[in-house]
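Structure record follows, encoded as structure tokens.
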Ligand code: SAH
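Residue numbers (our numbering): -18 to 439.
Here is the structure:
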């Protein structure tokens, strides 16, 4: 059968959808060219903000209509809208859904399809099994952690995500993730290395290790490696298997150790990019968010990261309009961003989420227009900051890992994860490292020209 997956939300969901797609293809299913042609339709949901939840419900309504005329279609709902245990209420409310899957767990869909698959074409299955094995060469797909990419990504995907910590136990007062993804759980190191190794053998050249608080990796495993040690292990696999770049996100300021920063600085394949959200630039707001640090501590951390990791790019997240955020408190956030000049800021307007401490105990008292205004002010500020930072690259040569083509140009990223476009019809650059001179830059991307042939890495 043919499947289509709509993925909403974070990179963890992207990774979860990829795992589901991989498992579906292991059962012999194939990606549909468009949703209309799919027999299996899955929405992998996000509820971190109301707007994301609304998107999922919008799609579910369309699918309810579809199911009425075409009852054979298999409809799956996955992710944070479902939660660790799909509540009975949800099942009653959404009769169009055949299968509910918790975050990171494709098993219910696999079980459902298997019971339907009596008539599956055994020959097609066998051919796919052979193709998968060819790509993995001497690395069996049964190897611990191995992931066989869906056929449309196998040999094409350049940059992939690898979950290393599932769930979260921190409980920021605004955040629904711990309720939906369950408690923090580090993935066994052997599985992670097996996953990375299998990706490399299918052409992947960059891996991003994922966790809600990725710098807490290993804290729940006695005698297991911490994130710095994990990076060293992944680095060794990268050298053996031809992975050029390693990144990790998202970090929490309180767990960012010197050992971790030293690992980033020491290991040539770990890219100089640190994603470390501050969320707000005012101590009272941070305390109400229960983030566990002060603005002064964050400021010090930024200096330390910059001192220890040369040419580092620092990214952060900000929430505007948190309950009780005054104009002066917002101004503190504005001033902090103006002072720190971070490379990239992901901005969000506060939205109250079910079960969270802030939704239960703090009135959502910043009006929507005011949230919008604050959002726009920070957006304008950051556009200026990013443009200023990117302008410094003009005239410099940078190393670009090319991910694919876009409107006739090659599209890739620098070590600092900045987007670069360049034209070159002479060579297929996908998955390769190019030396590119930056010719012009904006806040969002840079244009360059390629300087030499492929940079070779072992
Ligand atoms: N665990 C990661 C990512 C969390 S979700 C972290 O701690 O950074 C990604 C971002 O969404 C958060 O960093 C936060 O800025 C934003 N976010 C989370 N809950 C939100 C809410 N209720 N309203 C608005 N933004 C929210």
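Cβ atoms here follow ideal geometry from the backbone N, Cα and C, with glycine treated the same way.
Fair warning: this is a prediction, and the values are worked out from it, not measured in the lab.
Exercise. Touch check for the stretch -15 to 0 and the stretch 101 to 121: three-plus C-beta pairs under 8 Å?
Worked result: Touching, no.
For this session: Tell whether a beta-carbon distance below 7 Å holds between residue 189 and residue 142.
Result: Result yes, Cβ atoms of residue 189 and residue 142 sit closer than 7 Å.
Exercise. Since residue 291 contacts residue 253 with CB under 8 Å, what's their CB separation in whole angstroms?
Worked result: Right, the Cβ-Cβ distance comes to about 7 Å (below 8 Å), so this counts as a contact.
For this session: Reducing DSSP to helix, strand and coil, say where residue -7 ends up.
Result: It is helical.
For this session: For residue 402, write down the residues that DSSP places opposite it in a beta bridge.
Result: Answer is 392, 428.
Problem set entry | Entirely enclosed alpha helix (DSSP H) segments - the stretch 270 to 318, minimum 4 residues | Here the runs fully enclosed are 276 to 289.
For this session: Run the proximity test for residue 224: is its beta-carbon closer than 6 Å to any non-hydrogen atom belonging to ligand 1?
Result: No, the beta carbon of residue 224 sits no closer than 6 Å to any heavy atom of ligand 1.
Exercise. Under the criterion of a Cβ to heavy atom distance below 6 Å, does residue 446 qualify as lining ligand 1?
Worked result: Because the chain spans -18 through 439 in this model, residue 446 falls outside it and cannot be assessed.
Exercise. Would DSSP call residue 155 helix, strand or coil?
Worked result: Residue 155 falls in the coil class under three-state DSSP.
Exercise. Between residue 62 and residue 221, what straight-line distance do the alpha-carbon atoms span, to the nearest angstrom?
Worked result: The straight-line gap from Cα to Cα measures roughly 40 Å.
For this session: Could you check which residue in 140, 390, 423, 161 has the C-alpha nearest to that of residue 68?
Result: The residue with the shortest Cα to Cα distance from residue 68 is 161.
Problem set entry | For residue 144, three-class secondary structure by DSSP | Three-state result, residue 144: strand.
Exercise. Can residue 431 and residue 405 be called in contact, C-beta distance under 7 Å?
Worked result: Yes, the Cβ-Cβ distance between residue 431 and residue 405 is below 7 Å.
For this session: Helix, strand or coil for residue 77, going by three-state DSSP, please let me know.
Result: Coil at residue 77, not helix or strand.
Exercise. Which word fits residue 38, buried or exposed, when buried means at least 16 other C-beta atoms lie within 10 angstroms of its C-beta?
Worked result: Exposed.
Problem set entry | Among 235, 303, 242, nearest to residue 275 - alpha-carbon criterion | With respect to the C-alpha of residue 275, the residue from 235, 303, 242 having the closest C-alpha is 235.
Problem set entry | Own chain, CB closer than 6 Å to residue 267, minus 5 neighbours either side, in chain order | 261.
For this session: Determine the DSSP secondary structure at residue 439, reduced to helix, strand or coil.
Result: Residue placement at residue 439 cannot be trusted, given a pLDDT of 43 that sits under 50; the coordinates are not used to answer.
For this session: Indicate the three-state DSSP secondary structure (helix, strand or coil) for residue 123 in the structure shown.
Result: Three-state result, residue 123: coil.
Exercise. What does a CB cutoff of less than 6 Å around residue 372 pick up in its chain, not counting 5 residues either side in sequence?
Worked result: Correct list, in chain order: 422.
For this session: Would you kindly check if the distance between the Cβ of residue 304 and the Cβ of residue 339 is under 7 Å?
Result: Taking 7 Å as the Cβ cut-off, residue 339 and residue 304 qualify as a contacting pair.
Problem set entry | Sequence-distant residues of its chain with Cβ nearer than 8 Å to residue 129 (five each side left out) | Result list for residue 129: 3, 6, 7, 113, 116, 117, 122, 135, 179, 183, in chain order.
Problem set entry | residue 96 (DSSP reduced to helix, strand or coil) | Residue 96 falls in the helix class under three-state DSSP.
Exercise. Given a threshold of 16 other Cβ atoms within 10 Å of its Cβ, counted over all protein chains shown, does residue 127 qualify as buried or as exposed?
Worked result: It is buried - the Cβ of residue 127 has at least 16 other Cβ atoms within 10 Å.
Exercise. Alpha carbon to alpha carbon, what distance is there between residue 88 and residue 18?
Worked result: Their Cα atoms are separated by approximately 23 Å.
For this session: Take the Cβ of residue 425 as the centre, count every other Cβ of all protein chains shown within 10 Å, and call the residue buried at 16 or more, exposed below.
Result: Exposed: under 16 other Cβ atoms inside 10 Å.
Exercise. How about residue 131 and residue -4: are their beta carbons less than 7 Å apart?
Worked result: Against a cut-off of 7 Å, the Cβ pair of residue -4 and residue 131 comes out as no contact.
Exercise. Roughly how many angstroms separate the alpha carbons of residue 368 and residue 427, rounded to a whole number?
Worked result: Going by the C-alpha atoms only, they are around 10 Å apart.
Exercise. Buried or exposed: which applies to residue 327, given that a residue is buried once 16 or more other Cβ atoms fall within 10 Å of its Cβ?
Worked result: It counts as exposed.
For this session: Tell whether a beta-carbon distance below 7 Å holds between residue 279 and residue 259.
Result: Note that the C-beta distance between residue 279 and residue 259 is below 7 Å.
Exercise. Cβ-heavy atom distance between residue 156 and ligand 1 below 6 Å?
Worked result: Yes, Cβ of residue 156 sits closer than 6 Å to a heavy atom of ligand 1.
For this session: Give the DSSP-derived three-state secondary structure of residue 383 in the structure shown.
Result: Reduced to three states, the DSSP call for residue 383 is strand.
Exercise. Can you check whether the CB of residue 393 is closer than 7 Å to the CB of residue 381?
Worked result: Cβ distance < 7 Å, so residue 381 and residue 393 count as in contact.
For this session: Return the Cβ separation of residue 231 and residue 202 in integer angstroms, given the expectation that the two are a contact with Cβ distance under 8 Å.
Result: The C-beta distance from residue 231 to residue 202 rounds to 20 Å, too long to meet the 8 Å contact threshold.
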